[in-house]
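Structure first, commentary second.
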Ligand SMILES: CC(C)(COP(=O)(O)OP(=O)(O)OC[C@H]1O[C@@H](n2cnc3c(N)ncnc32)[C@H](O)[C@@H]1OP(=O)(O)O)[C@@H](O)C(=O)NCCC(=O)NCCS
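Residue numbers (the working numbering): 228 to 408.
Here is the structure:
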């Protein structure tokens with residue numbers, strides 16, 4: 228498998244939406260309300276991604292395999308909650324289940340951090356649902372638990388944890404320990 232990172236293009240909207248919906252289904256089945264998960268629609272999400280790709284193309288990056296197509300994507304930008312002491316935010320980071328544990332998430336996160344730094348945003352926060360074991364991925368990559376809040380999903384308030392990196396420029400990500408998880 229030869230995976231390359233590149234900036235997303237307008238014609239990636241549908242594939243990005245499919246990755247988003249598939250990873251939500253596999254990650255949160257049994258953790259979040261089934262009805263709300265099943266209501267997620269790749270078609271609707273594709274509209275949202277088309278708009279995001281028009282507005283901020285440089286903030287969305289994809290991991291692509293020549294044979295299998297897109298395997299993951301990440302989306303970053305300025306911090307949405309100005310009361311938090313972080314300039315930048317990772318809005319989303321998703322890798323397809325079959326492609327997880329191969330270093331793609333790390334490579335995408337590194338690219339998003341570089342993008343934030345290029346935009347003079349020197350620190351970053353990412354929100355992750357408390358029930359999501361992916362929070363250990365962020366801990367592994369040096370994120371420090373910085374804040375907590377409730378995120379609305381499917382009519383429920385779901386606890387979420389905010390992981391922060393205070394200096395994207397001076398502090399590199401911890402090196403890899405393994406070639407696969
Ligand atoms: C979380 C996610 C983006 C990580 O991407 P990935 O490609 O699977 O992770 P990588 O292979 O790059 O792993 C990087 C390091 O984190 C570690 N890691 C990854 N997932 C982990 C987990 N769940 N628990 C503990 N460590 C983990 C790996 O072992 C690796 O360590 P190493 O560098 O020492 O070898 C991906 O698994 C995913 O999309 N999950 C489902 C969706 C999701 O929860 N997204 C986050 C929403 S906030």
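Every residue, glycine too, gets a C-beta built ideally from N, C-alpha and C.
Keep in mind that this is a model prediction, so the values were computed, not measured.
| Asked | Found |
| --- | --- |
| Measuring only the C-alpha atoms, how far is residue 367 from residue 262? | 32 Å |
| List the whole-angstrom C-beta distance separating residue 315 from residue 350, where the pair is believed to meet the contact cut-off of C-beta under 8 Å. | 6 Å |
| Starting from the C-beta of residue 240, find all residues in its chain whose C-beta is less than 7 Å away, skip the five residues before and the five after it, and write them out in chain order. | 273, 276, 277 and 280 |
| Just grab the DSSP bridge partners of residue 261 for me. | Answer by DSSP bridge pairing: none, since residue 261 is not bridged. |
| Residues in its own chain within less than 7 Å of residue 321 by CB, not counting five upstream and five downstream? | 246, 247, 250, 299 and 300 |
| Can a CB atom of chain D be found closer than 9 Å to the CB of residue 301? | Considering every chain present, this structure includes no chain D. It has just one protein chain. |
| Is it the case that the CB of residue 331 approaches a heavy atom of ligand 1 more closely than 8 Å? | yes |
| Roughly how many angstroms separate the alpha carbons of residue 379 and residue 385, rounded to a whole number? | 6 Å |
| Could you give the distance in angstroms between the alpha-carbon of residue 392 and the alpha-carbon of residue 371? | 7 Å |
| Compare the C-alpha of residue 376 against each of 291, 311 and 395 and name the closest. | 311 |
| So who's on the other strand from residue 234, going by DSSP bridges? | 288 |
| Can you determine whether any heavy atom of ligand 1 sits closer than 8 Å to the C-beta of residue 287, and answer yes or no? | no |
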